[in-house]
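Have a look at the structure below before the remarks.
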Amino acid sequence: MTGAEDLEKFIHRQENAVRKYQRLFKLAEFVILTLAIYTVLLLVNMENAFGLVRALELYAEKSYNVASLTISFSTIALLLISIGISLTITLLLYRREKSTSVILLAEEKYPVLKERLRTAYDNRKLSNIIANDLIYSVLESTKEIHSSAFLDRKKLKVILILLIFTSSTLGIVIYSDFRTDITPEGMKEVIDNIPGIPDNDDTPEDYFPSNGEGNEAGNENITGEPVVVVVEGEEVDLSIPPGSESGFTPTGEEDETQPEFKPSSSYEIGQMTAPAYREELPQGYEPIIKSYFEELTR
Numbered sequence: 001m002t003g004a005e006d007l008e009k010f011i012h013r014q015e016n017a018v019r020k021y022q023r024l025f026k027l028a029e030f031v032i033l034t035l036a037i038y039t040v041l042l043l044v045n046m047e048n049a050f051g052l053v054r055a056l057e058l059y060a061e062k063s064y065n066v067a068s069l070t071i072s073f074s075t076i077a078l079l080l081i082s083i084g085i086s087l088t089i090t091l092l093l094y095r096r097e098k099s100t101s102v103i104l105l106a107e108e109k110y111p112v113l114k115e116r117l118r119t120a121y122d123n124r125k126l127s128n129i130i131a132n133d134l135i136y137s138v139l140e141s142t143k144e145i146h147s148s149a150f151l152d153r154k155k156l157k158v159i160l161i162l163l164i165f166t167s168s169t170l171g172i173v174i175y176s177d178f179r180t181d182i183t184p185e186g187m188k189e190v191i192d193n194i195p196g197i198p199d200n201d202d203t204p205e206d207y208f209p210s211n212g213e214g215n216e217a218g219n220e221n222i223t224g225e226p227v228v229v230v231v232e233g234e235e236v237d238l239s240i241p242p243g244s245e246s247g248f249t250p251t252g253e254e255d256e257t258q259p260e261f262k263p264s265s266s267y268e269i270g271q272m273t274a275p276a277y278r279e280e281l282p283q284g285y286e287p288i289i290k291s292y293f294e295e296l297t298r
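The opening position of the sequence shown corresponds to residue 1 in full-length UniProt numbering, with each subsequent residue numbered one higher.
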């Protein structure tokens, strides 16, 4: 294995270690945020908020048995809400995170590699005495470098302290059942009293008035008894739903014009002869055919 390959292997190994540490830090921060948000939700009695939501009020008092443990619906819901909020915050914090350069990080921690590690890695494809000598010199200096050297120990201590603090606080709140005076009902009252927010006390009758109240432009009664109407002079036995009588003539206002009388024909039906009677008949059969048609017309 050449010196250039050894140098690439060293850089690749340290990059994997740095990415692993960063993932662990992100996971720890996510857990800390979740515990903190869940603790705050418990302190402000948010488990009572599900009873105020009509779609969830049936599940507010429901419990589930999981591995011999009884977990209420509100506990599961608050935990899921905490996870969702924490995940959103974590993604927003690291959405524009730039990848860490292991070369710059190594040069910062080990001054002996200052500029030399970068130069050797950039010229690793060259094959000459100067480049090879620089690469082997850098490799000698990296033999004492371990992956743990790239772990941010100061950040690790802060994360451990926060993790212990948040988990301890949550445990105390759950064990002692400690709650503040802040409740979802109180929050709702405060929100309702904020100027500019529409009142939520309106009822459907405010928008759809009945019994003559509200808009009378149509003058329709949608809550009265079914009515019987007359369609343009012809009496019909028709019951229609209330409020649907538009286009029909109400009873008592029908057209008084009677239909024109048409007399029947002036001829008596029994005395009319068929047109075939006047036609020219075959010779010899004329009396028989005439008598046949005469019988038909009687």
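Just so it is clear, CB atoms sit at the ideal spot from N, CA and C, and this is done for glycine as well. All of these numbers come straight from a predicted model, not from anything done at the bench.
| Is the beta carbon of residue 34 sitting closer than 8 Å to the one on residue 71? | For residue 34 and residue 71, no; Cβs fall outside 8 Å.
| said: Please report the straight-line C-alpha distance between residue 44 and residue 57, rounded to a whole angstrom. | reply: Between residue 44 and residue 57, the C-alpha separation is close to 19 Å.
| field | Of the listed residues 120, 26, 177, nearest to residue 10 (C-alpha basis) | value | Nearest C-alpha to residue 10: 120.
| request: Pull up the distance between the alpha-carbon of residue 214 and that of residue 194, whole angstroms please. | output: Reliability of the predicted coordinates at residue 214 is poor, the pLDDT of 47 falling under 50, and the value obtained from them is presented with this limitation in mind. Rounded to the nearest angstrom, the two C-alpha atoms are 28 Å apart.
| said: On the CB-based measure, 16 or more other CB atoms within 10 Å of its CB, does residue 168 come out buried or exposed? | reply: With fewer than 16 neighbouring CB atoms inside 10 Å of its own CB, residue 168 falls in the exposed class.
| message | Among 297, 131, 21, whose alpha-carbon lies nearest the alpha-carbon of residue 154? | response | Ranking 297, 131, 21 by Cα distance to residue 154 puts 21 first.
| task | Pick helix, strand or coil for residue 58, following the three-state DSSP scheme. | result | The DSSP-derived three-state label of residue 58 is coil.
| Nearest to residue 6 by CA position, among 32, 139, 64, is which residue? | Residue 139 is the option with its Cα nearest to residue 6.
| query | Where does residue 158 land, buried or exposed, given buried means 16+ other C-beta within 10 angstroms? | reply | Residue 158 is exposed by the Cβ-count criterion.
| Any 3 or more C-beta pairs closer than 8 Å across the region 108-124 and the region 83-96 | With a cut-off of 8 Å, the region 83-96 and the region 108-124 do not count as touching, because too few Cβ pairs lie within range.
| said: Which of the three DSSP states is assigned to residue 126 in this structure? | reply: Looking at residue 126 - three-state DSSP - the assignment turns out to be coil, as it is neither helix nor strand.
| said: Would residue 184 and residue 16 qualify as a contact pair, given that the criterion is a beta-carbon distance under 8 Å? | reply: No, these two residues do not count as a Cβ contact at 8 Å.
| query | Which of the three DSSP states, helix, strand or coil, is assigned to residue 110? | reply | For residue 110, the secondary structure class from DSSP, reduced to helix, strand or coil, is coil.
| Can you tell which of 14, 292, 3 has the C-alpha that lies nearest to the C-alpha of residue 150? | The shortest Cα separation from residue 150 among 14, 292, 3 belongs to 14.
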